[in-house]
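The next block holds one structure in the form of structure tokens; read it before the comments.
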Amino acid sequence: MEQDFLLGEDGDLLIENGDFVVGDSLDQEVQAILEMAQGELKEDPILGVDIFRLVHSNVTEADLKQRVKLHLARDGKDYDELKERIRLKTNE
116 MEQDFLLGED
126 GDLLIENGDF
136 VVGDSLDQEV
146 QAILEMAQGE
156 LKEDPILGVD
166 IFRLVHSNVT
176 EADLKQRVKL
186 HLARDGKDYD
196 ELKERIRLKT
206 NE
């Protein structure tokens with residue numbers, strides 16, 4: 116389990132009773148990797164699947180899965196451990 120500051124639905128830091136909320140951040144970390152485009156993260160400009168663009172393109176499901184695996188691995192996450200939590204589907 117990864118512990119970090121949690122974000123709300125709007126992407127802002129969650130604050131309760133005047134304090135930042137800390138909890139299991141794995142899902143939100145994976146979501147960020149899937150959603151951001153390459154170049155958005157200063158610390159690692161290569162990281163980012165840009166999944167919204169990809170699912171509306173001609174990418175195959177196999178290519179999409181490979182890209183997700185690669186980017187998750189770049190951040191130290193194992194796709195095989197997360198695949199039940201991630202549902203990838205293309206417009207094929």
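For the sequence shown, the positions run 116 to 207 when my numbering is used.
Every residue, glycine too, gets a C-beta built ideally from N, C-alpha and C.
Asked                                                                                                                                                      : Found
Using 8 Å for Cβ pairs, my map puts I148 next to L185. What's the rounded Cβ distance?                                                                     : About 10 Å separates the two Cβ atoms, so there is no contact after all.
Could you pull out every residue in the same chain whose Cβ sits closer than 7 Å to the Cβ of V164, ignoring the five residues on either side in sequence? : I148, L149, R182, V183, H186
If you draw a straight line from the C-alpha of G72 to the C-alpha of G133, how long is it?                                                                : This structure leaves residue 72 out entirely; the chain is present only between 116 and 207.
If you drop the 5 nearest sequence neighbours on each side, which residues of the same chain put their C-beta closer than 6 Å to that of E207?             : With a pLDDT of only 46 at E207, under 50, the local geometry of the prediction cannot be trusted, and the value read off the model is given with reservation. The answer is none, since no qualifying residue turns up.
By the DSSP assignment, the beta strand (DSSP E) with Q118 in it spans what residues?                                                                      : 118 to 120
Can you tell me whether T205 is helix, strand or coil according to DSSP?                                                                                   : Any reading at T205 needs caution, since the residue's pLDDT is 47, under 50, leaving its predicted position unreliable; the model's value is listed next. T205: coil per DSSP, three-state reduction.
Have a look at Q118 and Q143 and give me their C-alpha separation to the nearest angstrom.                                                                 : 11 Å
Are L122 and V137 touching if we call contact CB-CB under 8 Å?                                                                                             : no
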